[in-house]
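Novice:
Residue numbers (our numbering), protein chains in the order written: chain Z, 25 to 235; chain A, 62 to 552.
Here it is as structure tokens:
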């Protein structure tokens, strides 16, 4: 007996349900999600990243920071992300409209970075951490990126952006380590990581409590 | 349903076959199957090395740090690509082609073209993995290779898929065995999965989280609609053939097939739980992941009674040992996945090392052990010669099992701690991550053992090939190996 065609048809059909349900329908549902414009400030959220931060996003993906760092804040009933201070509200689809490539991550071997820009605030950018995390946190297993810095002889006054290296990491006298353009781009990207704007689908936690 | 009828009537698949010209059939597929198995094994070694190197990176992060190609974030996706597309997919294809020939009792169609497909496949992977290490990766989990090598891989697959399905269709009269169903499904689903994901995630990515949703669907599909059915096809053939006993409750196998086909396709988004995607998508994934327990239970009902009734043989037989642990891993991992898909569990285990451990046990336990065991059965028949060093098979087995346990158990256990502590804001973040170091230590040790096991297999394989291709050395014992596989262990 040859039931080949029938089996084949079933194989096609079962697959097609999931294909429609998980590929087609989400594209229908989310395909025209748009930024939201705040009535008070007239600013739209989220905003496209400026050139250097967009370059930095490419670099972040290319170096695989996502292997340890997630960029997603789970809802309060689905984990302790908000309590830990990784965000003021859960992350939703709208937050990522301009994220390309998307770096949600599937492993948390390190702090979540979804709101890293917010956490950083006005603090100086963590170039030293980027160069070697152990220069700041002994025993950290965060990846070092010495290739994002140039070692060069000091000519005249030391460069303004030269790294202030702690003991044990210092370079030879007369030399300095300066960030490359790529390091600056990555930093611009890290700074741009924030979504603390309330959305209709995701109010901020503090706002909720004040009500 | 008539389909059930067809499959149910045949109680003992592949056991009561009349003796067809096995030698001729094997000869028809010798070259491509051998290519696929050998390159699969080579990629296993490469993937294990990359994984080992990544583990070292966690322990000594400053060693080799000046080289961006050796950074943790590139080694991990490169290793995953090598293991999924290089090792598991190629081994699965090699064994699948051999099964199509055996079960259909028909020679392989266009074996030369299939072998050419294998060469192209390896080329695509080599280019793709080098590209990842050089920073050209796409950054999408599961689809890390740049578009050009993904398309090359798809083209390579077409050589195999088209002629594989042709071989399937040339099946000698009689009902199809469950293994053949699984093979047909896998051969058909894989190109569809890859093409869709390629288009929607990499080539023309949708806005925002759309690529993540498609990628989650794709990764679930690669697991449950590609690797799992290939491995089940192997289990459903080798277990009855080697034990000489029919699978129990065989009429249920058809339910296993269709439920896997349906829920496997829907299960992917469970991995987006808590993520920034519409809730219904995640819910669908959770429901499907739990319902996947239906095919898993049936696989257990089909195989465990047979393995249980032949425990003595299972412990002795080189092939059955691998398969039995493979089935065990499949059941345990699926159970773990179903339980941890539930929202209250996922709040703890999602994104933790516990989740990682389940993924590792799926690939290196279920998939790898099944294919490796099957290869121990297939290769001597293809070459008409027995393994030169049966001891090395045992070395391979024990090194792999102990290594697997060292990698998986500490990660699964400590992952629970990690998950709980991350949810407890009173525990400082730095402390949580620092404590993971001991898990990484066990991981590196386990990976080293597993790599040594793989080397043992490759040594045996190389030795066998040298013997076969050296004229003059022939041992009569190897000329015939009976179908029960006994002579693989005993002379």
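Cβ atoms here follow ideal geometry from the backbone N, Cα and C, with glycine treated the same way.
On the DSSP bridge assignment, give the partners of residue 203/Z in chain order.
Specialist: Mapped onto the first chain, residue 203/Z falls at position 179. Partner(s): 173/Z.
Novice: Can you tell which of 149/Z, 187/Z and 167/Z has its C-alpha closest to the C-alpha of residue 215/Z?
Specialist: Translated into positions along the first chain, residue 215/Z becomes position 191. Here the closest residue by C-alpha is 149/Z.
Novice: When the cut-off is 9 Å and only beta carbons count, does residue 471/A lie next to chain Z?
Specialist: Against the second chain, residue 471/A aligns to sequence position 410. Not one chain Z Cβ lies under 9 Å of residue 471/A.
Novice: Out of curiosity, what's the CA-to-CA distance linking residue 206/A and residue 179/Z?
Specialist: Counted from its first residue, the second chain places residue 206/A at position 145. Counted from its first residue, the first chain places residue 179/Z at position 155. So the two alpha carbons sit approximately 43 Å from each other.
Novice: With 8 Å as the limit, tell me which residues of the segment 249-267 of chain A have their beta carbon closer than that to any beta carbon of chain Z; keep them in chain order.
Specialist: So the close ones are 249, 250, 253, 257, 261, 266 and 267.
Novice: Which one or two residues does DSSP pair with residue 226/Z in a beta bridge?
Specialist: Reading the first chain from its first residue, position 202 is the one you call residue 226/Z. In DSSP, residue 226/Z forms a bridge with 223/Z.
Novice: Within 10 angstroms of the Cβ of residue 559/A, are there 16 or more other Cβ atoms? Answer buried if so, exposed if not.
Specialist: Residue coverage of chain A in this structure runs from 62 to 552, which leaves residue 559/A outside it and unanswerable.
Novice: Which residue marks the beginning of the alpha helix (DSSP H) containing residue 89/A, and which one marks its end?
Specialist: Position 28 of the second chain, counted from the first residue, corresponds to residue 89/A. Residue 89/A -> alpha helix (DSSP H) spans 83-120.
Novice: Could you check where the alpha helix (DSSP H) with residue 410/A kicks off and where it finishes?
Specialist: On the second chain, position 349 is the one that residue 410/A refers to. Counting along the chain, the alpha helix (DSSP H) containing residue 410/A begins and ends at 404-410.
Novice: Tell me, to the nearest whole angstrom, how far the beta carbon of residue 411/A is from that of residue 335/A; I am working on the premise that it is less than 8 Å.
Specialist: Indexing the second chain from 1 puts residue 411/A at position 350. Indexing the second chain from 1 puts residue 335/A at position 274. So it is a contact: roughly 6 Å between Cβ atoms.
Novice: Looking at chain Z, which residues of the segment 487-504 of chain A have a Cβ within less than 8 Å of any of its Cβ atoms?
Specialist: Listed in sequence order: 490, 491, 494, 495, 497, 498 and 501.
Novice: In terms of residue numbering, what span does the alpha helix (DSSP H) encompassing residue 152/A cover?
Specialist: For this step, residue 152/A is matched to residue 91 along the second chain. It spans 150-165 - the alpha helix (DSSP H) in which residue 152/A sits, taken as one unbroken run.
Novice: Residue 111/Z touches chain A at which residues, Cβ-Cβ below 7 Å?
Specialist: Numbered from its first residue, the first chain carries residue 111/Z at position 87. What residue 111/Z touches in chain A: nothing, since even the nearest Cβ is about 11 Å away.
Novice: Rounded to a whole number of angstroms, what is the C-alpha to C-alpha distance between residue 456/A and residue 145/A?
Specialist: Here residue 456/A refers to the residue found at position 395 when the second chain is read from its first residue. Here residue 145/A refers to the residue found at position 84 when the second chain is read from its first residue. Each residue's Cα considered, the two are about 24 Å apart.
Novice: Could you name the residues of the same chain whose beta carbon sits closer than 6 Å to that of residue 473/A, not counting the 5 residues immediately before and after it, in chain order?
Specialist: Here the question's residue 473/A lines up with position 412 in the second chain. Taken in chain order, the residues that qualify are 415 and 418.
Novice: Closer than 9 Å, CB to CB, is residue 413/A near chain Z or not?
Specialist: Position 352 of the second chain holds residue 413/A. It does: the Cβ of residue 413/A has a partner Cβ on chain Z nearer than 9 Å.
Novice: So what does DSSP say about residue 97/Z, is it helix, strand or coil?
Specialist: Counted from its first residue, the first chain places residue 97/Z at position 73. Reduced to three states, the DSSP call for residue 97/Z is coil.
Novice: Taking beta-carbon pairs under 8 Å, can you tell me which members of the segment 134-158 of chain Z lie near chain A?
Specialist: Against chain A - using a Cβ distance shorter than 8 Å - the residues of the segment 134-158 of chain Z are 134, 135, 156, 157 and 158.
Novice: Going by DSSP, what residues sit across from residue 68/Z in a beta bridge?
Specialist: Within the first chain, numbered from 1, the residue matching residue 68/Z stands at position 44. For residue 68/Z, which the question treats as bridged, DSSP gives the partners 61/Z.
Novice: Going by DSSP in three states, residue 334/A sits in which element: helix, strand or coil?
Specialist: By 1-based counting over the second chain, the position of residue 334/A is 273. Reduced to three states, the DSSP call for residue 334/A is coil.
Novice: Beta carbons nearer than 9 Å to chain A: which residues of the segment 160-193 of chain Z have them?
Specialist: Within the segment 160-193 of chain Z, the qualifying residues are 161, 163, 164, 165, 166, 167, 168, 169, 170, 171 and 172.
Novice: Does the segment 86-100 of chain Z come close enough to the segment 48-63 of chain Z that 3 or more CB-CB pairs lie under 8 Å?
Specialist: As far as the Cβ criterion goes, the segment 48-63 of chain Z does not touch the segment 86-100 of chain Z, which means the pair count is below three.
Novice: Among 69/Z, 143/Z and 134/Z, which has the Cα closest to the Cα of residue 90/Z?
Specialist: In the first chain, residue 90/Z corresponds to position 66, counting from 1. Minimum Cα distance to residue 90/Z is reached at 134/Z.
Novice: Would you give the residue range spanned by the alpha helix (DSSP H) that residue 320/A belongs to?
Specialist: For the purposes of this step, residue 320/A is taken as residue 259 along the second chain, with counting starting at 1. 314-327 is the span of the alpha helix (DSSP H), which, as asked, contains residue 320/A.
Novice: Using DSSP with H/G/I as helix, E/B as strand and the rest coil, what is residue 201/A?
Specialist: Taking the first residue of the second chain as position 1, residue 201/A is located at position 140. Residue 201/A falls in the coil class under three-state DSSP.
Novice: Provide the residue span of the alpha helix (DSSP H) that contains residue 492/A, from first to last.
Specialist: As a first step, residue 492/A is located in the second chain; it is residue number 431 there, counting from the start. Segment 490-495, the alpha helix (DSSP H) holding residue 492/A.
Novice: For residue 388/A, tell me which candidate among 367/A, 107/A, 453/A and 377/A has the shortest Cα-Cα distance.
Specialist: Start at 1 with the first residue of the second chain, and residue 388/A comes out as number 327. Residue 388/A has its Cα closest to that of 367/A, out of 367/A, 107/A, 453/A and 377/A.
Novice: I want to verify the contact list: residues of chain A whose CB lies under 9 Å from the CB of residue 199/Z, in sequence order.
Specialist: Within the first chain, numbered from 1, the residue matching residue 199/Z stands at position 175. Residues of chain A passing the Cβ test: none, with the nearest at roughly 16 Å.
Novice: Compile a chain-ordered list of the residues in the segment 44-71 of chain Z whose CB is closer than 8 Å to at least one CB of chain A.
Specialist: Residues passing the 8 Å Cβ filter: 45, 46, 47, 50, 51, 53, 54, 55 and 57.
Novice: What is the DSSP secondary structure of residue 120/Z, reduced to helix, strand or coil?
Specialist: What you label residue 120/Z is simply residue 96 of the first chain in a count that begins at 1. Residue 120/Z: helix per DSSP, three-state reduction.
Novice: Report the residue from 218/Z, 227/Z and 213/Z whose alpha carbon sits nearest the alpha carbon of residue 269/Z.
Specialist: Past the edges of chain Z, shown from 25 to 235, lies residue 269/Z, and the structure says nothing about it.
Novice: Indicate whether at least one CB of chain Z lies closer than 9 Å to the CB of residue 479/A.
Specialist: The residue labelled residue 479/A in the question sits at position 418 within the second chain. Chain Z contact via Cβ: present.
Novice: Applying the criterion that 16 or more other CB atoms from any shown protein chain within 10 Å of the CB defines a buried residue, is residue 226/Z buried or exposed?
Specialist: For the purposes of this step, residue 226/Z is taken as residue 202 along the first chain, with counting starting at 1. Counting Cβ neighbours within 10 Å, residue 226/Z comes out buried, since at least 16 surround it.
Novice: What residues in the segment 122-151 of chain A have a beta carbon less than 7 Å from any beta carbon of chain Z?
Specialist: Correct list: 122, 123, 126, 127, 129, 132, 133, 134, 135, 137 and 138.
Novice: Starting from the Cα of residue 306/A, find the closest Cα among 491/A, 225/A, 375/A and 181/A and give me that residue.
Specialist: As a working note, residue 306/A is residue 245 in the second chain. Ranking the options by Cα distance to residue 306/A, first place goes to 375/A.
Novice: When the distance is taken between beta carbons, is residue 97/A closer than 9 Å to residue 291/A?
Specialist: Taking the second chain and counting its residues from 1, the one referred to as residue 291/A is at position 230. Taking the second chain and counting its residues from 1, the one referred to as residue 97/A is at position 36. No, the pair does not count as a contact, with Cβ atoms beyond the cut-off.
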